[in-house]
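Residue numbers (UniProt numbering): 1 to 172.
For each residue, glycine too, the CB sits at the ideal point set by N, CA and C.
Model, not experiment: these values are computed from the prediction.
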Amino acid sequence: MEAEPRVFLVFDCSKTNTTPGISSPKNHILSSASGISKWKHCGDEGERGMPKTCRCGEASLIRTSKTYENPGRLFHCCPNGSKKEKNHLLKWTDEAVVEEIDDIKNSYGQKIKEMNDVIVEFEKEIEEMKTTVYGCDKEFKDFVVEVRSLRNIIVCGFTMCIFYYCVIALYV
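This is the structure:
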């Protein structure tokens, strides 16, 4: 399968705005193939989400497309873009929003996974604590039985001492 060639159209929307297309202060690059239009992001290729600055350092602007293919569609652009300088920022705002939402979802997905791992660890600790508490409870019950036995021995010994004292007192 051969890839369809991409056609890059540059619209000049400078001060007079005589060129139909886009209402922005400078030029922008639009790639079009088979009637489907997409902006070519000429800024930093790795930047995801809402672009704040162009690679040239200028703050990005938000403009509205007035093209036939994308009427009213918002985009981010660099005020320094021109026909000669095509390596400036140009990105659809809706695509940037989708990227930001995807990044947020991925971030929260990772945080949820980390929280689930922490929950599993806490559940293990709780089970260990339950085992420890059960062991302590069993030991406590054993100690109670032992104390009762010792109490019975002491009472029995005390009773024998009193009985012995009474018997000796009667015979003396």
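- Straight-line spacing of the CA atoms in L90 and C77 works out to 4 Å.
- Judged by DSSP in its simplified three-state form, S65 adopts strand.
- Per DSSP, reduced to three states, the secondary structure at C54 is coil, with no helix or strand assignment.
- By the C-beta density criterion, A59 is exposed, having fewer than 16 other C-beta atoms within 10 angstroms.
- Taking the Cβ atoms as the reference, G49 lies roughly 5 Å from E99, within the contact range of under 8 Å.
- Taken atom to atom, the span from the alpha-carbon of C156 to that of F143 is near 19 Å.
- Distances from the alpha-carbon of E85 to those of R55, R63, M160, E121 put R55 closest.
- Shown here, K86 sits in coil according to DSSP, grouped into three states, outside any helix or strand.
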